[in-house]
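Which chain is which? The protein sequence lines are A and B, in order. Quick note on this note's numbering: the first sequence kicks off at 2 and runs consecutively. Quick note on this note's numbering: the second sequence kicks off at 7 and runs consecutively. Okay, so here's the structure we're looking at.
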Amino acid sequence: MNRLAERRGELIDRGRTVTFTWRGKTVEGLAGDSVASALYADGVRVFSRSFKYHRPRGLLCCSGQCPNCLVQVDGDPAVRACMTPIEEGMRVEHINAWPSLERDALHALASATPAFGMQVGFYYKTFMRPRWAWKYYEKFLRSAAGLGKLDPQHRRDRRYEKVHRHVDVLVIGGGESGLEAAIAAAREGRDTALVEEGLALGGRLAFTGVDAAARAAELAAAAREAGVEILQPAWAGGVYEGNLVPVYQGDTMFRFRAGEIVLATGLIEQPLVFAGNDLPGVMLASGVRRLVNQFRIATGDEAVVLTVDDLGIEAACDLAEAGVTVSAVVDTREGETDERLGVCGIEHLRGFRPVEARGRGHVSSVVVARGGERRSLSTDLVVMSGGTVAQFGALVQAGGSVHYDAARRVYVPDHVPAGVRVAGEPAGTAAEVPACADGGRGKQFVCYCEDVTTKDVNLSVKEGFASLELSKRYTTVTMGPCQGKMCHRNSGLVIARELGVDPDEQRVGVTTARPPHNPTSFSLLAGRGYEPVKRTSVHHWHADRGGKMLWAGDWKRPYDYGAPDDETAAVHESLGLIDVSTLGKLIVRGPDAAAFLERVYPNRYGDMKLARVRYGIVCGDDGSILDDGTVARLSETEFYVTTTSSGAGGMEQWFTWWNAVWGMDCQIVNVTSAIAAFNLAGPNARTALAGLTDFDLENEAFPYLGAGHAEVAGVPCLLLRIGFVGELGYEIHCPAAAGEHLWEALMAAGEGFSVKPFGLEPQRVLRLEKMHVIVGQDTNAESQPLEAGMPWIVKLDKENDWIGRYSIEWYQNRGNRTSLVGFEGGNGAVPKEGAQVVVNGEPVGRVTSSRFSRRLGKAIGIAWVPADLSAEGTPITLSDPSGATIPASVTLRAFYDPDQERLRS
Amino acid sequence: MSFLLECPNCGRRPVDEYAYGGEVTVRPKSADDARALFSYLYFRKNDAGAQREWWFHSSGCREWFQAERDTRTNEVMQVAPPGGLT
Chain A
2 MNRLAERRGE
12 LIDRGRTVTF
22 TWRGKTVEGL
32 AGDSVASALY
42 ADGVRVFSRS
52 FKYHRPRGLL
62 CCSGQCPNCL
72 VQVDGDPAVR
82 ACMTPIEEGM
92 RVEHINAWPS
102 LERDALHALA
112 SATPAFGMQV
122 GFYYKTFMRP
132 RWAWKYYEKF
142 LRSAAGLGKL
152 DPQHRRDRRY
162 EKVHRHVDVL
172 VIGGGESGLE
182 AAIAAAREGR
192 DTALVEEGLA
202 LGGRLAFTGV
212 DAAARAAELA
222 AAAREAGVEI
232 LQPAWAGGVY
242 EGNLVPVYQG
252 DTMFRFRAGE
262 IVLATGLIEQ
272 PLVFAGNDLP
282 GVMLASGVRR
292 LVNQFRIATG
302 DEAVVLTVDD
312 LGIEAACDLA
322 EAGVTVSAVV
332 DTREGETDER
342 LGVCGIEHLR
352 GFRPVEARGR
362 GHVSSVVVAR
372 GGERRSLSTD
382 LVVMSGGTVA
392 QFGALVQAGG
402 SVHYDAARRV
412 YVPDHVPAGV
422 RVAGEPAGTA
432 AEVPACADGG
442 RGKQFVCYCE
452 DVTTKDVNLS
462 VKEGFASLEL
472 SKRYTTVTMG
482 PCQGKMCHRN
492 SGLVIARELG
502 VDPDEQRVGV
512 TTARPPHNPT
522 SFSLLAGRGY
532 EPVKRTSVHH
542 WHADRGGKML
552 WAGDWKRPYD
562 YGAPDDETAA
572 VHESLGLIDV
582 STLGKLIVRG
592 PDAAAFLERV
602 YPNRYGDMKL
612 ARVRYGIVCG
622 DDGSILDDGT
632 VARLSETEFY
642 VTTTSSGAGG
652 MEQWFTWWNA
662 VWGMDCQIVN
672 VTSAIAAFNL
682 AGPNARTALA
692 GLTDFDLENE
702 AFPYLGAGHA
712 EVAGVPCLLL
722 RIGFVGELGY
732 EIHCPAAAGE
742 HLWEALMAAG
752 EGFSVKPFGL
762 EPQRVLRLEK
772 MHVIVGQDTN
782 AESQPLEAGM
792 PWIVKLDKEN
802 DWIGRYSIEW
812 YQNRGNRTSL
822 VGFEGGNGAV
832 PKEGAQVVVN
842 GEPVGRVTSS
852 RFSRRLGKAI
862 GIAWVPADLS
872 AEGTPITLSD
882 PSGATIPASV
892 TLRAFYDPDQ
902 ERLRS
Chain B
7 MSFLLECPNC
17 GRRPVDEYAY
27 GGEVTVRPKS
37 ADDARALFSY
47 LYFRKNDAGA
57 QREWWFHSSG
67 CREWFQAERD
77 TRTNEVMQVA
87 PPGGLT
């Protein structure tokens, strides 16, 4: 085991090994290792290939701030290896490299052909000509872009949960300041939670030495004792209105509502910009110190530290203590050799700047310069520290603002929104940070995520994108997975240098980091894959008997049972039974119930007798048809209202809203799911039903449009004698719990009449033969009853006001422009629904329903036509989407049983 | 939109529990003034500032109520049962 001696503050459990695979090869790590530390200890140095140039990349920050160690874990793409604890049997794969991490075809292409043209904006420039070739370019570019692979079937069985949480205080960041804030809040008796994305609490304390680690442990213990709830590793995705903070942990999204949010997001160490600063082996000082102090890995044999402040010096001391030879600390600051380095015997090159890191696939030497003096140092580990910046992304996204203070070289908050507090120091480095290096050869990376170099940023400034906000949009700097954590400050410095201004100049600016701050999977955002389905009480009966179950709104309904024509014929000739439980059902009850219905329906209900049912449409105040159904009067003060299947929820809202507006003395209750409903229809319906009830079904006692309570097969039912399908029929409503029993009893009673269950499709044919419209299919948001062929239902002479009245009066005065009419096809061809009605080749109307009626032996349908073509027998021309022209003639009476003799029999 | 809204019956809840019902409007009492009728039907004031509006607690008590809300900040000044705003 290539680990350093055991020490306080380490995260690994030396007694327990964990085995996982990296690109198919078995790797052994220690419990407590991150994927990155276990692989690094195993000798892995190249973790990924970069986004654009496919350059090899190794560990950089080891704290989840950079894109370099994004890997695919058990099929999940874009997982940060340094933030993911290893688990037994985990499968870890590399991303963005083909055919392998070592030999990558796109890297070869990009380096072999400098004219390949991947400079900034290359996709706008290089691939513009010739124009016809774009479709080939696009295919290639699409396959080359993106990180990782998505398998659509991947983990469909896994449950992603959403949990709602309410706390007084939510602290984001478990560093020293965050822990102290959380402890203080919890000790005040406030319900406090703390979110830390790292593998250890304490922030910098956790990886900066034994004493610091002891202090971190002390704070963590105090927080737990004070009752702080600690979520770790977990991260806050953003700060939203109402202090809503999504916190992601494992497969769960916690939706935190916090009285107060404390942002203790801490400081991030920044890279330095010089040629080759992306070579594997070039790491941030804090990353190196994490590997050394938390995972106890000696990170190299011969290290060179490049620094602008004391963080580099501290890292050098840590490395020396770990037995790594530190050949020099290259410090941009002038001065004497630091005492700490003197003790360790490390050369302190002051006033030197980095120029270039060299190496093939891994760093092997670094060139530094002071004025004209250049020195080349051989090394296998370049430790860089470009100072630190406050992580202000969450603050800005929450509605706060910051500015760059060039004198102190820090971002300072200007405005902090109400309900949010900022904890911790904004302190950056006191030293000047070079924007980039002069005199080196090769690419100087500003942005590791999107492979943006100083050359790209400078070019964007030259082309006029002369601020951070503009350059960002052109070069995509700060837009990658790290959302600017590694590049925001440096790109500002580069732009300022190119513009020849100070970095705090307004024109350089600050950009807004957008949530999520870390790679977040869509499955976490989406949560569990709910697809709620409503099933009627006889759903399984239908499914078991070959019913083709289709979606109808939230419901599942049988389309047919395999033989729609036979089902239609059964209804016409003997007996059919259809499950209409999906109809919306409302009870309107109270002293004002009748008066209320008078106001929401265009037709009359006040005069309605008991035990009667009436067809009704509901209009909006603009006169448009919203829904239709039936209204049965059960008592002086109680009505039973049915709506369309998809209209139930909307009608409930509509009715209750107007009731709220008017403040009438009645109540509306939606009983849709509580009541099952079946329509027994056909010439033999009465005889069949009579066998199951003592209720007098004779025509004189229970005529067409009668409503009555009856016991059918022992079940209390409401019978409605209505006929959507055009034959003698009874709509039977009963408690849903008894639905299956009643259905089976009805089927048994109909056995002698060769009863057939029928589905949605046969019902559509049957209703079309009766020219009954389906709201939403034959009508749309512009349809009003006068034009939709229902002037008879609009009672403009009603004494009371009703919804839609004034608009319909206006339409009445204006006159009809279009009409909804029936039509018969002239040549047997059935126009598709949606076919156009044409006059002189111009579309003037459309077909909304059409079928071939076997019983009538012709094509029939419903269409919107101009008002002047709406007279009975007017010849019209239909143009089918297939291109066929179909002659037809307008019909205003129902195709089948127009005098309703069968219905009333 | 993720502000909290207080239902007069159920208390403070996330706004996604509710359905928005639009501005509180006054319905004309005749068709005589077509301009007034169509402006009621098709035009909204869309105030930048305090607005009186309808809300339906669809994932709660399923009752309608009214609220006064600042459309710029989503600050809710008052909520009340229908007709109860001061």
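Even for Gly, the Cβ is constructed at its ideal location relative to N, Cα and C.
Rounded Cβ spacing between W542(A) and E741(A) (contact assumed at less than 8 Å): Between W542(A) and E741(A) a beta carbon distance of about 7 Å is seen, short of the 8 Å cut, so the two are scored as contacting.
Under 7 Å Cβ-Cβ, which residues of chain B neighbour W914(A)? Since the first and last residues shown for chain A are 2 and 906, residue 914(A) lies out of range.
Within a Cβ cutoff of 6 Å, which residues of the same chain sit near R50(A), ignoring the five residues on either side of it in sequence? N97, A98, D105
For the segment 302-311 of chain A and the segment 465-484 of chain A, state whether three or more C-beta atom pairs, one from each stretch, are separated by less than 8 Å. Result no; under three Cβ-Cβ pairs closer than 8 Å.
Beta strand (DSSP E) runs contained entirely in the segment 162-220 of chain A, provided each spans 3 or more residues: 162-173, 193-196
Note down, in chain order, each residue of its chain lying with its Cβ closer than 6 Å to the Cβ of D622(A), except the 5 sequence neighbours on either side. I804, G805
In three-state terms, what does DSSP make of A708(A)? strand
Helix, strand or coil: which one does DSSP assign to P763(A)? When secondary structure is reduced to three states using DSSP, P763(A) falls in the helix class.
Where N3(A) falls, given that 16 or more other Cβ within 10 Å makes a residue buried: exposed
By Cβ distance below 8 Å, which residues in the same chain neighbour L706(A) in space, the five residues on each side in sequence not counted? R613, V614, R615, R722, I723
Since L576(A) meets chain B, which of its residues come closer than 8 Å, beta carbon to beta carbon? Per Cβ cutoff of 8 Å: no residues; L576(A) is ~39 Å from chain B at best.
What does the Cβ neighbour count give for H489(A), buried or exposed, with the cut at 16 atoms within 10 Å? When all chains shown are included, H489(A) counts as buried.
Going along the chain, which residues of the segment 633-662 of chain A sit with their C-beta nearer than 9 Å to a C-beta in chain B? G650, E653, Q654, T657, W658, N660, A661, V662
Taking only beta carbons into account, state which residues of the segment 848-861 of chain A come closer than 7 Å to chain B, listed in chain order. none
Helix, strand or coil, according to DSSP, for W552(A) in the structure here? strand
Host beta strand (DSSP E) of L71(A) (start-end): 71-74
Separation of E873(A) from T886(A), as counted between CA atoms: 21 Å
Which chain B residues sit within Cβ distance under 8 Å of G664(A)? Going along chain B in sequence order, the residues near G664(A) (Cβ under 8 Å) are P88, G89.
Helix, strand or coil for P435(A) per DSSP? coil
First and last residue of the uninterrupted alpha helix (DSSP H) at Y48(B): 40-48
Give the single residue among R529(A), G501(A), H710(A), G44(A) whose Cα lies nearest to the Cα of L611(A). Nearest neighbour of L611(A) by Cα position, chosen from R529(A), G501(A), H710(A), G44(A), turns out to be H710(A).
Stretch-stretch touch, CB-based, cutoff 8 Å, three pairs: the segment 524-538 of chain A with the segment 149-162 of chain A: yes
To test your reading of the DSSP string, which unbroken alpha helix (DSSP H) runs of 4 or more residues are found completely within the segment 322-351 of chain A? 340-345
Can you tell me whether E198(A) is buried or exposed, with buried defined as 16 or more other CB within 10 angstroms of its CB? buried
Test: M2(A) CB closer than 7 Å to a CB of chain B: Below a pLDDT of 50, predicted positions are generally treated as unreliable, and M2(A), at 49, falls in that range; the measurement from the model is reported next regardless. Taking Cβ atoms only, chain B never reaches closer than 7 Å to M2(A), which makes this a no.
Within 7 Å, strictly: CB atoms of P504(A) and Y412(A): no
List the endpoints of the continuous alpha helix (DSSP H) containing P565(A). 565-574
For T79(B) and W70(B), what's the separation of their Cα atoms in angstroms? Spanning the alpha carbons of T79(B) and W70(B) requires a straight line of approximately 23 Å.
Of the residues G352(A), K456(A), V848(A), A830(A), which one's Cα is nearest the Cα of K859(A)? A830(A)
Span of the alpha helix (DSSP H), counted from its first residue to its last, around I804(A): First-last for I804(A): undefined, no H or E at that position.
So if DSSP puts E23(B) in a beta bridge, which residue, or which two residues, is it bridged to? DSSP lists no partner for E23(B).
Give the DSSP bridge partners of G730(A), in chain order. A682(A)
Please identify the residue among G591(A), P57(A), L761(A) whose C-alpha is closest to the C-alpha of L551(A). L761(A)
Compute the distance between the beta-carbons of R50(B) and E74(B), then report whether it is under 7 Å. Not closer than 7 Å, so no.
Segment limits, alpha helix (DSSP H) that includes V601(A): 594-601
By the 7 Å beta-carbon criterion, what residues does the segment 810-828 of chain A contribute toward chain B? E810, W811
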